[in-house]
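So in full-length UniProt numbering, the last spot in the sequence shown is 209, and the numbers never skip. Glycine included, each C-beta is placed from N, C-alpha and C at the ideal position.
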Amino acid sequence: IEHELQKLQDVRIVSIDVPNQTLVVELTQSGGTSVHDIQTTIESNLGLNTVVKGLGDSIAAVSEITGDDDIIGVVRFSQQPDNRCLVDAVIDGIRPQIKYSLNIHTFGDLSGQAFEHLGSVYLPIASQFTANDPSYPARGALKARVDNCDLSACIGRALSVSLKDRVIGAGIVARASSVGDNSKKICACSGRTLWDERAIKQEDRTSRL
1 IEHELQKLQD
11 VRIVSIDVPN
21 QTLVVELTQS
31 GGTSVHDIQT
41 TIESNLGLNT
51 VVKGLGDSIA
61 AVSEITGDDD
71 IIGVVRFSQQ
81 PDNRCLVDAV
91 IDGIRPQIKY
101 SLNIHTFGDL
111 SGQAFEHLGS
121 VYLPIASQFT
131 ANDPSYPARG
141 ALKARVDNCD
151 LSACIGRALS
161 VSLKDRVIGA
171 GIVARASSVG
181 DNSKKICACS
191 GRTLWDERAI
201 KQEDRTSRL
């Protein structure tokens, strides 16, 4: 693991606990490496299913995005000082070199065929979310700090990805664990380990978590 992660920029290994199957890393806010980059590197190069169990040292949240044209992604949030949030996002299924926007909305109602019940924009996240990959479907990634972001007030609201004024994907912003707060290894709903659950979801492409 150390050898593979040394290839990524701005990543520092804090601890590796083999008996408990945990890895803690530190990323710089200004660096280009995302949480998903670390997860993908470990899974692709080492063949180890990897579950992100915590982010940051304060309030954390996560949103799974699904929508039209096989849009699927995950956006993670971590509360920072001075009422800022660190946002780490990866979304698959978008078109290359087209600008999308990411926004948190007033409501958390995902009903309707076109996500028409989200309400007005509560907090803009990114206005120029793009994919550099020239192929389609492409992957877009974002790592940014958002000002005026009280993450506790965003829990339960909807996060959308939009093309111009049309919402093409959305998910609920749900509370997540910070680093060290989640020791769970078994999914209560299925009895499987978290790693087995991730492998199954990856096979049928229902999640990016």
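Does DSSP put residue i in a helix, a strand or coil?
| i | result |
| --- | --- |
| H3 | helix |
| C187 | Here C187 scores only 44 on pLDDT, less than 50, and its place in the model should not be relied on; the value that follows carries that caveat. Of the three classes helix, strand and coil, the one that applies to C187 here is coil, per DSSP. |
| D133 | coil |
| D92 | strand |
| D57 | coil |
| F17 | Note on identity: in this sequence residue 17 is Asp, with Phe being the wrong assignment. Note: D17 maps to strand in three-state DSSP. |
| R192 | For R192, the predicted model reports a pLDDT of 43, less than 50, meaning its position is unreliable; a value from the coordinates is still stated below. Coil at R192, not helix or strand. |
Give me, in chain order, the residues of the same chain whose beta-carbon lies closer than 7 Å to that of residue i; leave out the 5 immediate sequence neighbours on both sides.
| i | result |
| --- | --- |
| S15 | V24 |
| V18 | none |
| Q128 | K99 |
Only counting the same chain, and skipping five residues up and downstream in sequence, which positions put a Cβ closer than 6 Å to that of residue i?
| i | result |
| --- | --- |
| R198 | Summary for R198: the model assigns pLDDT 45, below 50, so the residue's position carries little reliability, and this model does not support an answer. |
| A176 | A60, A61 and V62 |
| C154 | I104 and V173 |
| S111 | H117 |
Under 8 Å by Cβ, that's how I've got residue i and residue j pegged, so tell me the actual separation to the nearest angstrom.
| i | j | result |
| --- | --- | --- |
| A170 | I65 | 7 Å |
| D133 | P96 | 6 Å |
| Y100 | G140 | 7 Å |
| I94 | A138 | 6 Å |
| T41 | L5 | 7 Å |
The alpha helix (DSSP H) with residue i in it runs from where to where?
| i | result |
| --- | --- |
| H36 | V35 to L46 |
Could you spell out where the beta strand (DSSP E) holding residue i opens and where it closes?
| i | result |
| --- | --- |
| L102 | Y100 to H105 |
| L123 | V121 to F129 |
| L151 | Careful: L151 lies outside any beta strand (DSSP E), inside the alpha helix (DSSP H) at L151 to C154. |
| R175 | A174 to A176 |
| I72 | I72 to Q80 |
| T22 | T22 to L27 |
Apart from the five residues just before and just after residue i, which ones in its own chain have a Cβ nearer than 8 Å to its Cβ?
| i | result |
| --- | --- |
| G56 | S78, Q79, Q80, L86, S178 and V179 |
Segment contact flag, the region 109-124 with the region 22-37, C-beta cutoff 8 Å, min 3 pairs: Taking 8 Å as the limit for Cβ pairs, the verdict is that the region 22-37 does not touch the region 109-124.
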